[in-house]
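Numbered by numbering that gives the first Met the number 0, the letters in the sequence shown go through residues 0 to 220 in order. We treat Cβ as the ideally placed atom computed from N, Cα and C, and that holds for glycine. Below is one structure, written out as structure tokens, with a few remarks after it.
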Amino acid sequence: MIFDSAKIIERLKVSYNVKSDTDLNKSAEITNGVITGWRKRGTIPYKEVYEASRATGYSMDWILTGQGAPKTDKIQVTSEDNDYCHISQYSIEASAGQGALVEAENIDQHLAFKESWLRKSGINPTNLIAIYARGDSMEPTIFSGDSLVIDKTKDTVTSDGGVYVINYDGELFVKRVQKQLDGLVAITSDNKNYRDMTIPVQDLSKLKIIGRVVWSGHPMI
């Protein structure tokens, strides 16, 4: 499925009940010029679509495609009395290899975590979203098909580095990402069969940090 960024922007405006790019900037809490960049590069703002759905109750599928019922139950993490919270896992794949475009945004399942454990680890469960990994470049840390829980507020790379889901030039990857002293960003794989890369200054605008991976796992059967 091919998404149309211009149409997605218009549906984001509908979801927030606004008319202009300026008002959408305010509602979605994004800086001036970002929307223009989306249109120019054909960028699909997956994170902002998720945020809009969670805030307004509009369907992610509808915002992305224009198909289906516009309104749905709000996307949210539901806490339960037994201290477990459910994190929605979407049928999105982030490549741990050569790059995978997002093709679907349906909820596949919910992952249950102890809310007290998350908060003890400094993680707010309402900031989490889960997707899948695809490819072998992050083995043995992450395997193809693993569930990845992402803290979407961790969207700034530091010199300490970490494992992040990133959008680079329109494709999703899960990689180790580290800011270097010269301001460049190093992208590395745990599988040494893959070459490391450094994003030059002129290409940093193509890089968007979706969030930091705070947990990964896979079925044992």
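Taking DSSP's pairing of strands, which residues face residue i in a bridge?
i	result
V200	V200 is not bridged to any residue.
T140	The partner list for T140 (beta bridge, DSSP) is empty, contrary to what the question assumes.
V33	Answer is none; V33 lacks a bridge partner.
L166	For the sequence presented, residue 166 should be read as Asn rather than Leu. Paired residues: L171 and K207.
I70	Strictly speaking, residue 70 in this sequence is Lys, with Ile absent from that position. DSSP lists Y57 as partners of K70.
V176	G161 and I186
D150	L127 and R211
G216	S146
S94	R133 and F172
F112	C84
Please go through the same chain and pick out, in chain order, the residues whose beta-carbon is closer than 6 Å to the beta-carbon of residue i, but skip the five residues on each side of it.
i	result
Q177	G160 and A185
L183	T197
D20	I34
Q108	Q88
V162	R175 and V212
D202	none
Spatial neighbours of residue i within its chain, please: C-beta separation below 8 Å, excluding the five flanking residues on both sides.
i	result
L147	A93, A129, I130, Y131, A132, I141, V164, V173, V212, W214 and S215
R118	P124
N225	Residue numbering for the chain in the displayed model covers 0 to 220; residue 225 lies beyond these limits and cannot be assessed.
S204	G36
A27	L11, Y15, E47, E50 and A51
Y221	The structure shown does not extend to residue 221, since the chain spans only 0 to 220, so no value can be given for it.
D195	A185, I186, T187 and S188
P199	L183
H217	F142, G144, D145 and S146
Quick test of your reading: residue i and residue j, contact by CB under 8 Å. State the CB separation rounded to the nearest angstrom.
i	j	result
S4	T42	6 Å
R175	T187	4 Å
I149	L110	So it is not a contact: roughly 12 Å between Cβ atoms.
M137	D189	5 Å
D168	I208	That belief does not hold up - the Cβ atoms of D168 and I208 are roughly 14 Å apart, past 8 Å.
Ignore the nearest five residues each way along the sequence and tell me which others in residue i's own chain have a CB closer than 7 Å to its CB.
i	result
L63	F2, I7, V48 and E104
P289	Since the displayed the chain opens at 0 and closes at 220, residue 289 lies outside it and no answer follows.
N126	D150, K151 and T152
I122	D150 and V213
D80	Here D80 scores only 48 on pLDDT, less than 50, and its place in the model is too uncertain to base an answer on.
G67	S58, D60 and W61
K18	K12
With three or more C-beta pairs closer than 8 Å as the rule, is the region 54-69 touching the region 13-25?
Yes, the region 13-25 is in contact with the region 54-69.
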